[in-house]
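Start counting the sequence shown at 936; every next residue gets the next number (my numbering).
By construction, the Cβ of each residue, glycine as well, lies at the ideal position given by its N, Cα and C atoms.
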Amino acid sequence: MLPATNVVSSIPPVITDGYKEKGEYKEYAGLRTYFTGPTNTGRTILVFYDIFSFFPQTMQGADIIASSTKSLVLMPDFFRGETLDISVYPPKNDDDRKKVAAFLSTWPNPNDRMADVVTVVEALKKDGRTKLGVMGFCWGGKIAILSGATGSFEACAAIHPAMASAEAAKDMTSLVAPFIVSADYANDLKVPVALFISKDESEEEAEKFVGALSSKPFASKNVYKRYGSMRHGFAAARANFQDPEALREYEDVFVRLSQFFNGVL
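Here it is in structure tokens:
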């Protein structure tokens, strides 16, 4: 896997306050789904949100990807209208911890959500959309990695992925589940990967994951970067646009994601 390059491409300016979504919500494959980007394109990218679901910073990211890659982007509502209140994370007391644990034990279950991925992909193929990419944040990063092993996608990206190790998957209610990507998952991947981690994910485990991908035939197309001063969630719902450094790193992630998908899809 190669490190991310320093080449900077253009993305739409990030709106730091009062963002208005560019797309629209439709019913698709039985799920309320956010659609953004051109429909007359051969490229489609599925985006999986984090545990806070449809959040302005996450929606803006989806719109950026659609614009910068000229792709139709879909963000399915895998949580069926449910979400975790961002005010309880990180947990400040026992009540917050119980709320987080209760939520993590339900909708974010990877096995159930992978069934949703299959349903959405089947609908896309029925509509003639077969050139597919996938990306996800936090728990959605794990779903993106699992999706990259199915053979249905041509590229996958995981941004500060959570619960992506076999150990973490055993206990979905754990509040200290390590934010890591296991090399075991890398062995099954069939397509180029972009991996971007924060200071809260294990660098050691991420590098094992990177190493496991180094012998793949698509290794030269892979991208990896660690954002060592950023917290988990900095590129999705927990993005802090009032912090100049955090804003720059948010922009950097989406520049690199756009470069990645433009190069492999």
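- prompt: Does the distance from the C-beta atom of F1195 to that of V1158 stay below 7 Å?
  reply: yes
query: Which same chain residues, not among the five before or five after K961, have their C-beta less than 7 Å away from its C-beta?
result: Cβ contact annotation for K961 (same chain, cutoff 7 Å, sequence separation greater than five): T968 and F970, in chain order.
message: Would the region 978 to 998 count as touching the region 948 to 967 if we require 3 or more Cβ pairs under 8 Å?
response: yes
field: Per DSSP, the bridge partner or partners of Y1120
entry: Paired residues: none, contrary to the question.
- prompt: So, is R1015 buried or exposed, given that buried needs 16 or more other C-beta atoms within 10 angstroms?
  reply: exposed
message: Going residue by residue through the region 978 to 1023, where are the continuous beta strand (DSSP E) segments of at least 3 residues, counting only ones entirely within it?
response: 978 to 983 and 1007 to 1011, all fully within the region 978 to 1023.
- request: Please determine if the region 1147 to 1156 and the region 1000 to 1018 are in contact, where contact requires at least 3 C-beta pairs separated by less than 8 Å.
  value: no
task: Please look up how many angstroms separate the CB atoms of A1092 and A1079, rounded, as I've assumed it's under 8 Å.
output: Right, the Cβ-Cβ distance comes to about 6 Å (below 8 Å), so this counts as a contact.
Closest Cα partner of A1090 within the set A1097, T1065 and C1073: T1065
field: Inter-residue Cα distance where the pair is F1038 and T951
entry: 29 Å
query: Over what stretch of residues does the beta strand (DSSP E) that includes M1070 continue unbroken?
result: K1066 to F1072
task: Specify whether the region 1157 to 1176 and the region 1132 to 1149 touch according to this definition: at least 3 beta carbon pairs, one from each stretch, less than 8 Å apart.
output: yes
message: As a quick exercise: from D1012, V1190, E1017 and T976, pick the residue whose alpha carbon is nearest that of Y963.
response: Measuring from the Cα of Y963, the nearest candidate turns out to be D1012.
message: Using only CA atoms, which one of G953, V1188 and I946 lies nearest to M1070?
response: V1188
task: Look at the Cβ atom of V1126, then the Cβ atom of G1075, and state whether they are nearer than 7 Å.
output: Taking 7 Å as the Cβ cut-off, V1126 and G1075 do not qualify as a contacting pair.
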